[in-house]
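J.: The following block contains the structure, expressed as structure tokens.
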Amino acid sequence: MRHWGIRKKVLVVTLVPTLLTTLLLGLFFTYSWVNNIENLLRDRGESLSRQLAAGSEYGLFTANRSLLTNLSNALLEEQDVRSITFLDRDGERLLHTGPGRSAPLGDITLRPDSLVHATREDSTLFITPVHLQELMVDSMFDPGARETAADLEAPLGWAAIEMSHVRTEKETYKALLISLLLILAGVLLSMAISMRLSKAFTDPIFQLNGAVARLKEGKLDTRVYTGAGPEFEQLESGLNEMASELSQAQAEMQQNIDQATGDLRQTLETIEIQNIELDLARKEALDASRIKSEFLANMSHEIRTPLNGIIGFTELLLKSPMPRQQRDHLNTIRKSSEILLTIINDILDFSKIEAGKLILDRIPFQLRDIIEEVMVMLAPEAHSKSLDLVALVYEDVPDNIMGDPLRVKQVITNLINNAIKFTQTGEVVLRASLEEEDPDNHRVTLRLSVTDTGVGLSRAQQHALFNAFSQADPSTARQYGGTGLGLAISKRLVEEMGGAIGLDSELGKGSTFWFTLNPELSTLAKDPAPRDALKGERVIYLEHQATTGLAIEHLLRAWGVTVDRVDTPTALLEQVEDAQQNNRGYALAMVGITRHLLRSNQYRGLLHSLEVDHDCRTMLLTPTLDTQDTPFSGIASSHLTKPVRRDTFYHELLLLIHGIYSQESTTGNKAMSLPAPEKKHPGPRIMAVDDNAANLKLVVTLLRELGLQAWGAANGFEALNLAREAPFDLVLMDLQMPGMDGVEATARIRELDQDGHHTCIIALTAHAMADEQAKLRKQGFDGYMPKPISSRQLRELVREHTGYEVAASPGHQSITEVRDTRNPPRPSSRHRQHGCVSIEESIRLAAGKADLAEELFSMLLEQLHDDQRQVEQLWENDELDNLLECVHKLHGATRYCGVPELREATHQFETALKCQSQAMAEHKEHLIAAIERLRAWSDQTDWQAMFRAEQQQSETSQN
1 MRHWGIRKKV LVVTLVPTLL TTLLLGLFFT YSWVNNIENL LRDRGESLSR QLAAGSEYGL
61 FTANRSLLTN LSNALLEEQD VRSITFLDRD GERLLHTGPG RSAPLGDITL RPDSLVHATR
121 EDSTLFITPV HLQELMVDSM FDPGARETAA DLEAPLGWAA IEMSHVRTEK ETYKALLISL
181 LLILAGVLLS MAISMRLSKA FTDPIFQLNG AVARLKEGKL DTRVYTGAGP EFEQLESGLN
241 EMASELSQAQ AEMQQNIDQA TGDLRQTLET IEIQNIELDL ARKEALDASR IKSEFLANMS
301 HEIRTPLNGI IGFTELLLKS PMPRQQRDHL NTIRKSSEIL LTIINDILDF SKIEAGKLIL
361 DRIPFQLRDI IEEVMVMLAP EAHSKSLDLV ALVYEDVPDN IMGDPLRVKQ VITNLINNAI
421 KFTQTGEVVL RASLEEEDPD NHRVTLRLSV TDTGVGLSRA QQHALFNAFS QADPSTARQY
481 GGTGLGLAIS KRLVEEMGGA IGLDSELGKG STFWFTLNPE LSTLAKDPAP RDALKGERVI
541 YLEHQATTGL AIEHLLRAWG VTVDRVDTPT ALLEQVEDAQ QNNRGYALAM VGITRHLLRS
601 NQYRGLLHSL EVDHDCRTML LTPTLDTQDT PFSGIASSHL TKPVRRDTFY HELLLLIHGI
661 YSQESTTGNK AMSLPAPEKK HPGPRIMAVD DNAANLKLVV TLLRELGLQA WGAANGFEAL
721 NLAREAPFDL VLMDLQMPGM DGVEATARIR ELDQDGHHTC IIALTAHAMA DEQAKLRKQG
781 FDGYMPKPIS SRQLRELVRE HTGYEVAASP GHQSITEVRD TRNPPRPSSR HRQHGCVSIE
841 ESIRLAAGKA DLAEELFSML LEQLHDDQRQ VEQLWENDEL DNLLECVHKL HGATRYCGVP
901 ELREATHQFE TALKCQSQAM AEHKEHLIAA IERLRAWSDQ TDWQAMFRAE QQQSETSQN
């Protein structure tokens, strides 16, 4: 009702109560009137029925039809009586007077003691039982009949009278019509009164409303007089005064408008002139932006071209032998060049983003591989500051996702690089976790965070940190360097990928930078092969960096390896000894050390004791080392740098524990044979095209160092002439060249392709603005490589586009590649070990003569190699008799030297050969292992000095 008008409200308030009252009274009186008519008919019918029953008693008793007929005819004269029927005591019709003679009684139940009435469509039937009365005249009956009649309980019959509804219905219709007319009269009267009241109340309001409307239209001379009462007189007076004041205000306003219009006209003329100037300035700004983009593209090429030569030739010089000081200078040059290249890349990336030309790839990639690449790449810088760099990727994080791996890697690199730069001590930890999972859309929400223990940030610094060219503290720019673009670029990249980025930091307590990704799960990647070949193995682990230890321990447990952690070298040795005494020795001992322990004699002795005295294979985990640093060389069975890569770590464990070289594991602990070497084929023909002589020389030199056939061309014309002489498998084409540029030279070379030969042409350019790859592919290029390039990039490029596997140079082989070229190491002993060598026992067996003991021991060592080869050859040829003779001879030699383990092994093997025991093969392996341990001990120990020291000590005691 809030939105109703006043007229409607007045009508509703006056009409509704009146109408409701009139309707209720009319309905009540109509109902009462109709009900009274029906009751009168029913009462009259019952009265006439009882009278008829009393009058028809004698007629029914005597069955006198004429009497009953006279009675019926007299009663039919009554108003509303339609018919009369007499029934005998059996309910059969005896006499019927009136219409409807053949109409049956229907399903009416006759009652002997009360009246029954039944309502039909147009009449009501009243049926009354007729009983014999005691006052009948005795002379009419004999005594016997009278006695019989008095004893009867059943009625003589029934008298039925039918009352018509015709007059009743007329009276009912009459009552309804009168009630309706009265109701309509009351409604009309109420409406007339309501309309009159509504009009008397609303007409003044409408007059006032009309006056307000005219005032609104600007007719300020409007005045209103309603004469509707004192309330409306006050409104009239107020409205008229307002109109008078508005008229006066309008006159003043018109005067002000005329003055303002003149001023505005002058202002518009000024604005029009400024718009013309702004339009000209906008055109100039667009031209400047275009020129800036072209300038950045050209400067990118011009700067990267000499940088390519500087970095490339620096790497070539570092491969050659030179004094340490010169190597340090070259490393400084290379690092400075890489920093300059990073600055250029940041500026170009920021220009791409600002120009809105950043295009993200959507390809499947493995998140853990991306994280490992970043960690390995940045590890040297972190380890140079003695920082612990660790990646913790939780098991529920999916590995195969869709997205742009290059940009994800760039964001992770920026965050970790900043953390390393602003952290002096402690650790930098990357964590990857699963926040949400949407199985219906095959999407997940990942959170990656980088936590450091650096200087931290204040609240004011945090607000401006993601702005371009901004650093936390301007004064730190000189100390830490950088352009201040890394975080701004990371923020824009994360937002482009549909995620969010932020940080949590406290001044002096470190920072945590985090970002989220919402990638789609990749359904194209194949499930990795199960890594269960290490399941059930036991490893003991000593690590000084807690977070690194936690990451490696989780990785080992995921592969089913049982890991026992220790805190000190002494505890590690004691636990290994206890395990071997219980014949449950460890498969491997892992020792992780920090940078300041690289020259520790304690750890050198620990590794020597594990490898030689306890025959337990060891894996050394160290920070990234300089080229001159070779800690504990030749002592540990394996050496990996931290942080470890999953594949390298797993394959190295297989090699140390099971002697397996293959890249994939099998169920159980079965060793797999090495794959047969592929047949070598001639390398591909490769041509490098570049107008810069230094770059051309660098690329050709790098290709030839990889053992590839390489030709060089200084421009497009020379490249086309060389391609006409003989087809090339791969062409590295520079884009910007005088005369014939790279695009035109590519189109000309494409015309020379025939007979199914396709020349693979890769664009080498520093132009890095936007849409390069798609544009270059449309122009006929097969790929794109930005400058500067390295030998590793060239190796991967050749393998990808020609299928030729380039052999790594000796200086670039990884630890695993170098290790795979030798024989697999012997597995660790799982039982208690006898002493490998006892100097005191050797001297005692030589009658106390140390020089003789040294000579006997030297003779034994000289023949060990031949004895080992002879034992293995005779065993393979199944020449057991000759083998027994060889072992017996070796056993005899061990009786004069302090070699308890070798003596026990030869004794058991000799006994097994004599008895033809089924354990001969096991004893043979124990013998070979003892020989190898003794030889390894002799190679790693200055045993001559030990014999001479014993001799000097003996002589001193004698004197």
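Sequential numbering from 1 applies to the sequence shown in full-length UniProt numbering. For each residue, glycine too, the CB sits at the ideal point set by N, CA and C.
1. For G486, does the three-state DSSP call read helix, strand or coil?
2. Go through its chain and collect everything with a Cβ distance to R795's Cβ below 7 Å, but skip five positions before and after it.
3. Helix or strand or just coil, what does DSSP make of G403?
4. I need the boundaries of the alpha helix (DSSP H) containing C897, first residue and last residue.
5. Check this for me: beta carbons of D564 and I540, under 9 Å apart or not?
6. At 3 residues or longer, and completely inside the segment 674 to 731: list those beta strand (DSSP E) runs for me, N to C.
7. Excluding the 5 residues preceding and the 5 following V411 in the sequence, name in chain order all residues of the same chain whose CB lies nearer than 7 Å to its CB.
8. May I ask you to list the residues that DSSP assigns as paired with Q366?
9. Counting beta carbon pairs with one atom in the segment 377 to 393 and one in the segment 409 to 426, are three or more of them shorter than 8 Å?
10. In angstroms with no decimal places, state the Cα-to-Cα distance between V10 and Y173.
11. In the DSSP assignment, find the unbroken alpha helix (DSSP H) run with S858 in it and report its ends.
12. S600 and L620: beta carbons closer than 9 Å?
13. Compare the Cα-Cα distances from F365 to each of N331, P405 and V393 and report the closest residue.
14. Ordered along the chain, which non-local residues of its own chain (more than five positions away) have a Cβ less than 7 Å from that of W711?
15. So, does the segment 110 to 123 touch the segment 153 to 170, judging by three or more C-beta pairs under 8 Å?
16. Can you round the beta-carbon distance between L95 and R50 to whole angstroms, since I take them to be within the 8 Å contact cut?
17. What three-state label does DSSP hand W33 in the structure shown?
18. What does the Cβ neighbour count give for S511, buried or exposed, with the cut at 16 atoms within 10 Å?
19. Is it right to say R704 is buried, meaning 16 or more other beta carbons lie within 10 angstroms of its own, or is it exposed?
20. Is K170 buried or exposed, if buried means 16 or more other CB atoms sit within 10 Å of its CB?
21. What does DSSP give as the partner residue(s) for V81 in the beta ladder?
22. Give me the Cα-Cα distance between E932 and N583, rounded to the nearest whole angstrom.
23. By Cβ distance below 7 Å, which residues in the same chain neighbour F728 in space, the five residues on each side in sequence not counted?
24. Would you give the residue range spanned by the alpha helix (DSSP H) that W937 belongs to?
25. Comparing C-alpha positions only, which one of L68, L573 and F909 sits nearest to G892?
26. Look up T451 in the DSSP assignment and give the residues it is bridged to.
27. So for C616, helix, strand or coil by DSSP?
28. Among all the DSSP beta bridges, which residues are the ones paired with E241?
29. Below 7 Å CB to CB, which residues in the same chain sit around S828 once its five sequence neighbours on both sides are set aside?
30. Consult DSSP for H639 and reduce its assignment to one of helix, strand or coil.
31. With burial defined as no fewer than 16 other Cβ atoms inside 10 Å of the residue's Cβ, what is the status of A53: buried or exposed?
32. Following the continuous alpha helix (DSSP H) through R565, name the residue where it begins and the one where it ends.
33. Under the rule that 16 or more other beta-carbon atoms within 10 Å means buried, what is G45, buried or exposed?
34. Kindly give me the distance between the Cβ atoms of L48 and G59, rounded to whole angstroms, as I take these residues to be in contact under 8 Å.
35. Mapping the DSSP letters down to three states, classify I762 as helix, strand or coil.
36. Identify whether T22 lies in helix, strand or coil by the three-state DSSP scheme.
T.: In this structure, then:
1. Within the sequence shown, the letter at position 486 stands for residue 486. In the three-state scheme derived from DSSP, where H, G and I count as helix and E and B as strand, G486 is classed as helix.
2. Indexing the sequence shown from 1 puts residue 795 at position 795. Excluding positions up to five away in sequence, the list reads L706 and V806.
3. By 1-based counting over the sequence shown, the position of residue 403 is 403. G403 falls in the strand class under three-state DSSP.
4. Residue 897 sits at position 897 when you count from the first residue of the sequence shown. First-last for C897: undefined, no H or E at that position.
5. As a first step, residue 564 is located in the sequence shown; it is residue number 564 there, counting from the start. As a first step, residue 540 is located in the sequence shown; it is residue number 540 there, counting from the start. The answer is yes: Cβ separation under 9 Å.
6. 685 to 689 and 709 to 713
7. For the purposes of this step, residue 411 is identified with residue 411 of the sequence shown, where counting begins at 1. Excluding residues within five positions, the ones whose Cβ falls inside 7 Å are S490, L493, V494 and F515.
8. Locating residue 366 in the sequence shown gives position 366, where the first residue counts as 1. N400.
9. Yes, they touch.
10. For the purposes of this step, residue 10 is identified with residue 10 of the sequence shown, where counting begins at 1. For the purposes of this step, residue 173 is identified with residue 173 of the sequence shown, where counting begins at 1. Roughly 36 Å between the two C-alpha positions.
11. Here the question's residue 858 lines up with position 858 in the sequence shown. Unbroken alpha helix (DSSP H) run through S858: A850 to E876.
12. Numbered from 1 along the sequence shown, position 600 holds the residue referred to as residue 600. Numbered from 1 along the sequence shown, position 620 holds the residue referred to as residue 620. Not in contact: S600 and L620 (Cβ atoms no closer than 9 Å).
13. Here residue 365 refers to the residue found at position 365 when the sequence shown is read from its first residue. Of the candidates N331, P405 and V393, the one whose C-alpha sits nearest the C-alpha of F365 is P405.
14. In the sequence shown, residue 711 corresponds to position 711, counting from 1. Excluding residues within five positions, the ones whose Cβ falls inside 7 Å are M687 and L722.
15. yes
16. Counting from 1 along the sequence shown, the entry for residue 95 is found at position 95. Counting from 1 along the sequence shown, the entry for residue 50 is found at position 50. The Cβ separation is near 18 Å, so there is no contact.
17. Taking the sequence shown and counting its residues from 1, one reaches residue 33 at position 33. Looking at W33 - three-state DSSP - the assignment turns out to be helix.
18. Indexing the sequence shown from 1 puts residue 511 at position 511. By the 10 Å Cβ count, S511 comes out buried.
19. The residue you call residue 704 lines up with position 704 of the sequence shown. The residue in question, R704, is exposed, as its Cβ has fewer than 16 Cβ neighbours within 10 Å.
20. Taking the sequence shown and counting its residues from 1, the one referred to as residue 170 is at position 170. Exposed.
21. Here residue 81 corresponds to residue number 81 of the sequence shown, with the count starting at 1. In the DSSP output, where bridge partners are listed per residue, V81 has M163.
22. Numbered from its first residue, the sequence shown carries residue 932 at position 932. Numbered from its first residue, the sequence shown carries residue 583 at position 583. Rounded to whole angstroms, the gap between the alpha carbons of E932 and N583 is 21 Å.
23. Indexing the sequence shown from 1 puts residue 728 at position 728. Cβ within range, chain order: R685, I686, M687 and T759.
24. Your numbering for residue 937 matches position 937 in the sequence shown. Note, W937: alpha helix (DSSP H), M920 to Q940.
25. Along the sequence shown, one-based indexing puts residue 892 at 892. G892 has its Cα closest to that of F909, out of L68, L573 and F909.
26. Residue numbering aside, residue 451 sits at position 451 when the sequence shown is read from its first letter. Looking at the DSSP assignment, T451 forms a beta bridge with V429 and T512.
27. Residue numbering aside, residue 616 sits at position 616 when the sequence shown is read from its first letter. Coil.
28. Numbered from its first residue, the sequence shown carries residue 241 at position 241. Paired residue(s): none; E241 is not in a bridge.
29. The count along the sequence shown starts at 1 and reaches residue 828 at position 828. Contacts found: G585, Y586, A587, L588, D615, C616 and R617.
30. Mapped onto the sequence shown, residue 639 falls at position 639. Looking at H639 - three-state DSSP - the assignment turns out to be strand.
31. As a first step, residue 53 must be located in the sequence shown, where it is residue number 53. Buried: at least 16 other Cβ atoms inside 10 Å.
32. Stepping through the sequence shown from its first residue, residue 565 is reached at position 565. Here R565 belongs to no alpha helix (DSSP H); instead the beta strand (DSSP E) covers T562 to V566.
33. Your numbering for residue 45 matches position 45 in the sequence shown. Classification for G45: buried.
34. On the sequence shown, residue 48 is found 48 positions in, with the first residue counted as 1. On the sequence shown, residue 59 is found 59 positions in, with the first residue counted as 1. Contact flag wrong, Cβ pair sits at about 16 Å.
35. In the sequence shown, counting from the first residue as 1, residue 762 sits at position 762. In the structure shown, I762 sits in a strand (DSSP, three-state: E or B).
36. The residue given as residue 22 occupies position 22 in the sequence shown. Note: T22 maps to helix in three-state DSSP.
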